[in-house]
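Numbering (my numbering), first residue to last: 22 to 424. Each residue gets a CB set at the ideal place from its N, CA and C atoms; glycine is no exception. Source: prediction; values computed, not measured.
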């Protein structure tokens, strides 16, 4: 008899599910019509098992989260397209679906086609996670074009896109696919969270992304870590992003660490714009390893208490700072006063880790102390009850019954 559980999780079990008979014992106890989440990461699925899973998913009319990260470890490249087709085709008509996670599966550009029908036809999902899939520029173009087609179909139908979050890091997207992604983002115009770190995107691609993302006025979280914003003294990328950030009044988190924002210590025009308070809700700014020097630190010191009032976390580690830079001291003091934190040196991070460890230790001690305190309270209550009973017995013994 199927259970009414809304979550099916086999995460991290290390199962090798090759055939229908391998996976069916895990699916049979679950009623697919009430299932809202499925998590299969850390197992490996063959073609036949994936087809059985697809049949199960077709009946999952209430499904919200489909987490299929890391499900093809050890599989042949010839197996993956068929397995993906079985899974993704079953999700095409799921209007309840909110999130699809296919991260940490080594598709490569050769195996992305099976995902395309889902991306085009399902216009209900909001979150797409494709991290560390080895897409390459060609695979990136295929997926970005599918998202663009989806946006165009929504427009024809007079509907607003539901796409809100795209996570596509560590995929070697490079300049070759960046314009396609930019066009897709602009067509949707609804993104609030875009994370594309470590993709080898250089200045031309970065410029294209800035122009596309500028159309997404509700952006709150942007992560372009470890891509390149400048090249041979050219700052076209920085200038494009300087204009783009002006379109994001809701921006909360911006990660531009390892992005070569400055070649020789000059103040990046993008940071000059941010320091003016263009984004009043900016809370977290990550700028590690960007060749920043004292002039940039002075820029932040001069504005930290004027136009950067919401900033609570500023990461400037691994730049060209001196140990006693007065501007960094000013920033650190101002942020500490508001309960925020400047990360300028390695010891700042170590200090935070130590504080977190202390908090965890104290929490563990409190958790251990609770049962002891509870036992003492129970013992005290029991002793009080015994005393009350004894007093009552003595009182009754003194009562004379007259006939």
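Enclosing beta strand (DSSP E) for residue i [first to last residue]
{"i": "residue 58", "result": "58 to 60"}
{"i": "residue 90", "result": "Segment: none, residue 90 is in no beta strand (DSSP E) and carries neither H nor E."}
{"i": "residue 362", "result": "362 to 364"}
{"i": "residue 101", "result": "Taken as a continuous stretch (DSSP letters only), residue 101 belongs to no beta strand (DSSP E), being part of the alpha helix (DSSP H) at 101 to 110."}
{"i": "residue 307", "result": "305 to 307"}
{"i": "residue 336", "result": "334 to 336"}
{"i": "residue 352", "result": "Taken as a continuous stretch (DSSP letters only), residue 352 belongs to no beta strand (DSSP E), being part of the alpha helix (DSSP H) at 347 to 358."}
{"i": "residue 122", "result": "120 to 122"}
{"i": "residue 186", "result": "186 to 188"}
{"i": "residue 430", "result": "With the chain covering only 22 through 424, there is no way to say anything about residue 430."}
{"i": "residue 331", "result": "That residue, residue 331, is in no beta strand (DSSP E); it is neither H nor E in DSSP."}
Residue i burial status per 10 Å Cβ neighbour count (16 or more: buried)
{"i": "residue 46", "result": "exposed"}
{"i": "residue 65", "result": "buried"}
{"i": "residue 92", "result": "buried"}
{"i": "residue 248", "result": "buried"}
{"i": "residue 30", "result": "exposed"}
{"i": "residue 114", "result": "exposed"}
{"i": "residue 413", "result": "Any reading at residue 413 must be qualified, since the residue scores a pLDDT of 41, below 50, and its modelled position is unreliable; the value itself is stated next. Exposed, by the Cβ-count rule."}
{"i": "residue 406", "result": "Reliability fails at residue 406, whose pLDDT of 48 lies under 50, so the model's placement of it is uncertain and no value is given."}
{"i": "residue 193", "result": "buried"}
{"i": "residue 122", "result": "buried"}
{"i": "residue 132", "result": "buried"}
{"i": "residue 266", "result": "buried"}
{"i": "residue 95", "result": "exposed"}
{"i": "residue 54", "result": "exposed"}
{"i": "residue 241", "result": "buried"}
{"i": "residue 160", "result": "buried"}
{"i": "residue 358", "result": "exposed"}
{"i": "residue 345", "result": "exposed"}
C-beta atoms of residue i and residue j nearer than 9 Å
{"i": "residue 75", "j": "residue 107", "result": "yes"}
{"i": "residue 216", "j": "residue 252", "result": "no"}
{"i": "residue 324", "j": "residue 298", "result": "yes"}
{"i": "residue 103", "j": "residue 135", "result": "yes"}
{"i": "residue 191", "j": "residue 218", "result": "yes"}
{"i": "residue 153", "j": "residue 124", "result": "yes"}
{"i": "residue 334", "j": "residue 366", "result": "no"}
{"i": "residue 204", "j": "residue 245", "result": "no"}
{"i": "residue 150", "j": "residue 201", "result": "no"}
{"i": "residue 105", "j": "residue 77", "result": "no"}
{"i": "residue 342", "j": "residue 310", "result": "no"}
{"i": "residue 70", "j": "residue 32", "result": "no"}
{"i": "residue 84", "j": "residue 57", "result": "yes"}
{"i": "residue 208", "j": "residue 172", "result": "yes"}
{"i": "residue 189", "j": "residue 210", "result": "no"}
Nearest candidate by alpha-carbon position, reference residue i, set the options
{"i": "residue 292", "options": "279, 174, 317", "result": "317"}
{"i": "residue 264", "options": "145, 125, 235", "result": "235"}
{"i": "residue 356", "options": "190, 340, 343, 326", "result": "326"}
{"i": "residue 225", "options": "365, 261, 214", "result": "261"}
{"i": "residue 198", "options": "188, 369, 147, 220", "result": "220"}
{"i": "residue 332", "options": "111, 347, 302", "result": "302"}
{"i": "residue 276", "options": "243, 286, 304, 342", "result": "243"}
{"i": "residue 79", "options": "172, 306, 254, 111", "result": "111"}
{"i": "residue 43", "options": "141, 56, 68", "result": "68"}
{"i": "residue 166", "options": "182, 181, 145, 141", "result": "141"}
{"i": "residue 306", "options": "281, 358, 362, 57", "result": "362"}
{"i": "residue 349", "options": "383, 314, 25", "result": "314"}
{"i": "residue 336", "options": "239, 274, 254, 116", "result": "274"}
{"i": "residue 99", "options": "81, 73, 116, 130", "result": "130"}
{"i": "residue 347", "options": "360, 320, 73", "result": "320"}
{"i": "residue 62", "options": "288, 182, 34, 82", "result": "34"}
Cβ distance (whole Å) where residue i is taken to contact residue j below 8 Å
{"i": "residue 174", "j": "residue 212", "result": "Incorrect: roughly 17 Å between the Cβ atoms, too far for contact."}
{"i": "residue 312", "j": "residue 283", "result": "4 Å"}
{"i": "residue 86", "j": "residue 51", "result": "14 Å between Cβ atoms; not a contact."}
{"i": "residue 227", "j": "residue 250", "result": "5 Å"}
{"i": "residue 259", "j": "residue 290", "result": "5 Å"}
Segment limits, alpha helix (DSSP H) that includes residue i
{"i": "residue 324", "result": "315 to 324"}
{"i": "residue 43", "result": "41 to 48"}
{"i": "residue 209", "result": "195 to 209"}
{"i": "residue 271", "result": "Premise fails: residue 271 is in no alpha helix (DSSP H) and is neither H nor E."}
{"i": "residue 36", "result": "It is not in any alpha helix (DSSP H) - residue 36 carries neither H nor E in the DSSP assignment."}
{"i": "residue 264", "result": "257 to 265"}
{"i": "residue 169", "result": "157 to 177"}
Residue-level contact to chain C via CB, residue i, 9 Å cutoff
{"i": "residue 172", "result": "The structure shown contains no chain C; it holds only a single protein chain."}
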